[in-house]
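Read the structure below first, then the notes.
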Amino acid sequence: MELICPAGTPAAFRDAVDVGADAVYCGFRDETNARNFPGLNFSRDELAEAVSYARTHDVKTLVAINTFMAAGREALWQSAVDDAAALGADAVILADLGLLAYAAERHPDLRRHLSVQAGAANVEHIEFLVEAFGIKRAVLPRVLTMSEVAALTRQVRCETEVFVYGGLCVMEEGRCSLSSYATGKSPNMQGVCSPASHVRYRQDGREMVSELGDFTINRFPEGEAAGYPTICKGRFVVAGEDGYIFEDPVSLDALSHLGALKAAGVAALKIEGRQRGRSYVAQVVTEIRRQLDAVENAEPAASPLNDTLRLMSEGQRTTKGSYDKKWR
Amino acid sequence: MLPFPIQKLLSPVPLPVAGRVAQASLRRMLHLHPMLFDRLGEFAGRLIVFHPTDLDLEFGVNPRQRSVRAARPGGIAGYDTRISGPLVLLLGLAEGRLDGDAEFFGRQITVEGDMETALALRNAVEDASLDFATDLAPRRGPLRQPVWTVLDWARTALLAREIAQWN
Numbered sequence: 001m002e003l004i005c006p007a008g009t010p011a012a013f014r015d016a017v018d019v020g021a022d023a024v025y026c027g028f029r030d031e032t033n034a035r036n037f038p039g040l041n042f043s044r045d046e047l048a049e050a051v052s053y054a055r056t057h058d059v060k061t062l063v064a065i066n067t068f069m070a071a072g073r074e075a076l077w078q079s080a081v082d083d084a085a086a087l088g089a090d091a092v093i094l095a096d097l098g099l100l101a102y103a104a105e106r107h108p109d110l111r112r113h114l115s116v117q118a119g120a121a122n123v124e125h126i127e128f129l130v131e132a133f134g135i136k137r138a139v140l141p142r143v144l145t146m147s148e149v150a151a152l153t154r155q156v157r158c159e160t161e162v163f164v165y166g167g168l169c170v171m172e173e174g175r176c177s178l179s180s181y182a183t184g185k186s187p188n189m190q191g192v193c194s195p196a197s198h199v200r201y202r203q204d205g206r207e208m209v210s211e212l213g214d215f216t217i218n219r220f221p222e223g224e225a226a227g228y229p230t231i232c233k234g235r236f237v238v239a240g241e242d243g244y245i246f247e248d249p250v251s252l253d254a255l256s257h258l259g260a261l262k263a264a265g266v267a268a269l270k271i272e273g274r275q276r277g278r279s280y281v282a283q284v285v286t287e288i289r290r291q292l293d294a295v296e297n298a299e300p301a302a303s304p305l306n307d308t309l310r311l312m313s314e315g316q317r318t319t320k321g322s323y324d325k326k327w328r
Numbered sequence: 001m002l003p004f005p006i007q008k009l010l011s012p013v014p015l016p017v018a019g020r021v022a023q024a025s026l027r028r029m030l031h032l033h034p035m036l037f038d039r040l041g042e043f044a045g046r047l048i049v050f051h052p053t054d055l056d057l058e059f060g061v062n063p064r065q066r067s068v069r070a071a072r073p074g075g076i077a078g079y080d081t082r083i084s085g086p087l088v089l090l091l092g093l094a095e096g097r098l099d100g101d102a103e104f105f106g107r108q109i110t111v112e113g114d115m116e117t118a119l120a121l122r123n124a125v126e127d128a129s130l131d132f133a134t135d136l137a138p139r140r141g142p143l144r145q146p147v148w149t150v151l152d153w154a155r156t157a158l159l160a161r162e163i164a165q166w167n
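Chains as they are written, first to last, in full-length UniProt numbering: chain A, 1 to 328; chain B, 1 to 167.
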């Protein structure tokens, strides 16, 4: 299985390559990708250098152009695909059907991967995209159980890629409007979930209060691990009691399922976190590479080195997410 | 937190001295990393305050003016973003040895004010691949190696101590 690692800056890209990525995914410095944050992402020149660095280490570069095109401004997304192809990207990661069609028509030799943002969670959906746009790989939404991943992988005529570690989207990926509702900016269109421009932290006595737009997302007592200021992981008062009504602030850690994912025929494992720092990339990729190598070499399961992955996690807690989902 | 003897040693440092040392260090870093603030873009004109919580000091940086000034904690008004945490963690974050989000989740650092500036700064500084031991040691001469060795040892020991404390 390939290990697909995130990079938000050229330095993080080099780190990912150096510590064992098989492929690194990144985006341009604009709204064409779902991590459109200040100071993050790559200029065209930086991507060219990154592709070159990756090539010399036999590592692939995947370019995420996975937001949905705005009507009348399609040229921004189309030029991103053109530039990714010209700069030597090994694949583009797309969600928008119009952009998939454009890439298939203009760059038939450029591999097209289906972004998780497309929310393709069943065989019929993926098969249609294989047939219509020749996608070579589908990144599966983080809403499927292990048995569903295995069944789907068996039935589709393209590779599947799944997330094994990092931040979780618990809602309909690519269709979530919670952040848009609170801020007027969309993760799916502008690439910003809980945009920093609308986030505030303040101390209220001994509590840290996180706010998104006009909404209070959480109040963290002193010493309690914090999470991202996203509505889906907010703590709200419902029927007089406060709690996490959508999802707790936790990160995905599905490393205990590596063997099962390999047996299921999954082609690639993805680490979330292009918005994270170099230290995250270096430590998380190193640890997961070690565990993946043990699985690939049929060695006894590598025990976690330490608390690295938990301490890197949102809320300093992890979950196996929907892979082990016992509810419906 | 810095070991108590080091805190005591640094606490009486007069503001003008702290300011001059900080300005000289910033000038040196910008000389070695001229693209340091490039990723800040529109946020380069913001006033960013760093408050090492184990020192009786805070520093206000204006990236566009390439200037830094020192003050006592709370002494810099009108900032856009204020980042607080133990000195060693702040330096570890700047070098990319620690992850900003993880430190934030663990409540080791706090960020007040404009978050866009904070994010842009984090990404800009991380991409510059700073190394304070290498960057601040003399460039040449007999003192280069000993100074680097001391700085590197101090960085490693203090960072390990800090991480052990919050783990």
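Where a beta carbon is used, it is the ideal one built from N, C-alpha and C, also for glycine.
Distance CB(residue i)-CB(residue j) smaller than 8 Å
i: Asp127 of chain B; j: Arg66 of chain B; result: no
i: Ala85 of chain A; j: Gly27 of chain A; result: no
i: Asn123 of chain B; j: Gly20 of chain A; result: no
i: Val139 of chain A; j: Ser115 of chain A; result: yes
i: residue 329 of chain A; j: Ala91 of chain A; result: Nothing can be reported for residue 329 of chain A, as the shown portion of chain A is limited to 1 through 328.
i: Val81 of chain A; j: Ala264 of chain A; result: no
i: Gly119 of chain A; j: Glu173 of chain A; result: yes
i: Gly277 of chain A; j: Leu168 of chain A; result: no
i: Leu312 of chain A; j: Gln283 of chain A; result: With the sequence shown as reference, residue 312 of chain A is identified as Met, and Leu is not the correct amino acid for it. Contact flag set, yes.
i: Asp56 of chain B; j: Met1 of chain B; result: no
i: Thr110 of chain B; j: Tyr244 of chain A; result: no
i: Leu87 of chain B; j: Pro52 of chain B; result: yes
i: Ala50 of chain A; j: Thr61 of chain A; result: yes
i: Glu112 of chain B; j: Arg69 of chain B; result: no
i: Tyr323 of chain A; j: His257 of chain A; result: yes
i: Gly227 of chain A; j: Glu314 of chain A; result: yes
i: Leu30 of chain B; j: Pro38 of chain A; result: no
i: Val143 of chain A; j: Leu269 of chain A; result: no
i: Thr145 of chain A; j: Thr153 of chain A; result: no
i: Ala77 of chain B; j: Pro63 of chain B; result: no
i: Thr166 of chain A; j: Glu272 of chain A; result: For clarity, residue 166 of chain A is Gly in the given sequence; the question names Thr instead. The answer is yes: Cβ separation under 8 Å.
i: Phe220 of chain A; j: Glu207 of chain A; result: yes
i: Asp114 of chain B; j: Ser279 of chain A; result: no
Which residues DSSP lists as bridging residue i, in chain order
i: Pro6 of chain A; result: A:Tyr25
i: Phe163 of chain A; result: A:Lys270
i: Arg137 of chain A; result: A:His113 and A:Glu159
i: Glu211 of chain A; result: A:Arg200 and A:Thr216
i: Ala91 of chain A; result: A:Leu62 and A:Arg111
i: Gly60 of chain B; result: B:Val49 and B:Arg69
i: Phe132 of chain B; result: Phe132 of chain B is not bridged to any residue.
i: Phe128 of chain A; result: Looking at the DSSP assignment, Phe128 of chain A forms no beta bridge with any residue, so it has no partner.
i: Thr319 of chain A; result: A:Leu252
i: Phe42 of chain A; result: A:Phe28
Residue of the options minimising C-alpha distance to residue i
i: Leu130 of chain B; options: B:Ile163, B:Val150, B:Glu42 and B:Arg28; result: B:Arg28
i: Ala133 of chain B; options: B:Glu95, B:Met115 and B:Asp99; result: B:Glu95
i: Ala95 of chain A; options: A:Arg29, A:Pro187, A:Glu46 and A:Ala23; result: A:Pro187
i: residue 178 of chain B; options: B:Val125, B:Glu103, B:Asp80 and B:Gly141; result: Here chain B has residues from 1 to 167 only, and residue 178 of chain B is not among them.
i: Asp135 of chain B; options: B:Pro142, B:Leu151, B:Phe59 and B:Val68; result: B:Leu151
i: Gln78 of chain A; options: A:Thr61, A:Tyr102, A:Leu62 and A:Asp58; result: A:Tyr102
i: Val61 of chain B; options: B:Thr117, B:Pro138, B:Leu93 and B:Arg161; result: B:Thr117
i: residue 333 of chain A; options: A:Cys5, A:Leu40 and A:Phe13; result: Outside the modelled stretch of chain A, which goes from 1 to 328, sits residue 333 of chain A, for which no answer is possible.
i: Ala104 of chain A; options: A:His125, A:Arg235, A:Glu127 and A:Lys136; result: A:Lys136
i: Ala301 of chain A; options: A:Ser210, A:Val164, A:Ile288 and A:Lys233; result: A:Ile288
i: Ala23 of chain A; options: A:Arg55, A:Pro108 and A:Glu207; result: A:Arg55
i: Arg29 of chain A; options: A:Ala239, A:Gly191, A:Ser303 and A:Met208; result: A:Gly191
i: Met1 of chain A; options: A:Ala12, A:Val266, A:Gln203 and A:Pro229; result: A:Val266
i: His57 of chain A; options: A:Asn36, A:Asp15, A:Asp45 and A:Val209; result: A:Asp15
i: Ala70 of chain A; options: A:Thr318, A:Pro229 and A:Leu99; result: A:Leu99
i: Met189 of chain A; options: A:Gly213, A:Asn36 and A:Gln316; result: A:Asn36
i: Leu110 of chain A; options: A:Leu129, A:Asn122, A:Leu87 and A:Met208; result: A:Leu87
i: Ile126 of chain A; options: A:Val237, A:Ala294 and A:Leu97; result: A:Leu97
i: Thr308 of chain A; options: B:Gly141, B:Arg140 and B:Gly106; result: B:Gly106
i: Ala121 of chain A; options: A:Gln155, A:Gly184 and A:Val238; result: A:Gln155
Which runs of the alpha helix (DSSP H) fall wholly inside the segment 214 to 291 of chain A and span at least 4 residues, in chain order? 258 to 264
Proximal residues, the segment 125 to 138 of chain B versus chain A, C-beta separation under 7 Å: Glu126, Asp127 and Ser129
Select from the segment 201 to 218 of chain A all residues with a C-beta closer than 9 Å to any C-beta belonging to chain B, and list them in chain order. Tyr201, Arg202, Gln203 and Met208
At what residue ranges does the segment 63 to 127 of chain B contain a whole run of the beta strand (DSSP E), taking only runs of 3 or more? 67 to 71, 81 to 85 and 110 to 113
Select from the segment 218 to 250 of chain A all residues with a C-beta closer than 9 Å to any C-beta belonging to chain B, and list them in chain order. Phe220, Glu222, Gly223, Glu224, Ala225, Ala226, Gly227, Tyr228, Pro229 and Pro249
Which residues of the segment 21 to 45 of chain A have a Cβ closer than 7 Å to any Cβ of chain B? Give them in chain order. Phe37, Pro38, Gly39 and Leu40
Residues within the segment 286 to 317 of chain A neighbouring chain B, beta-carbon criterion of under 8 Å: Asp307, Leu311, Met312, Ser313, Glu314, Gly315 and Gln316
Using a Cβ-Cβ cutoff of 8 Å, what residues of the segment 159 to 174 of chain A are near chain B? List them in chain order. none
By the 9 Å beta-carbon criterion, what residues does the segment 104 to 116 of chain B contribute toward chain A? Phe104, Phe105, Gly106, Arg107, Thr110, Val111, Glu112, Gly113, Asp114, Met115 and Glu116
Contact residues within the segment 254 to 270 of chain A, judged by C-beta distance below 9 Å to chain B: none
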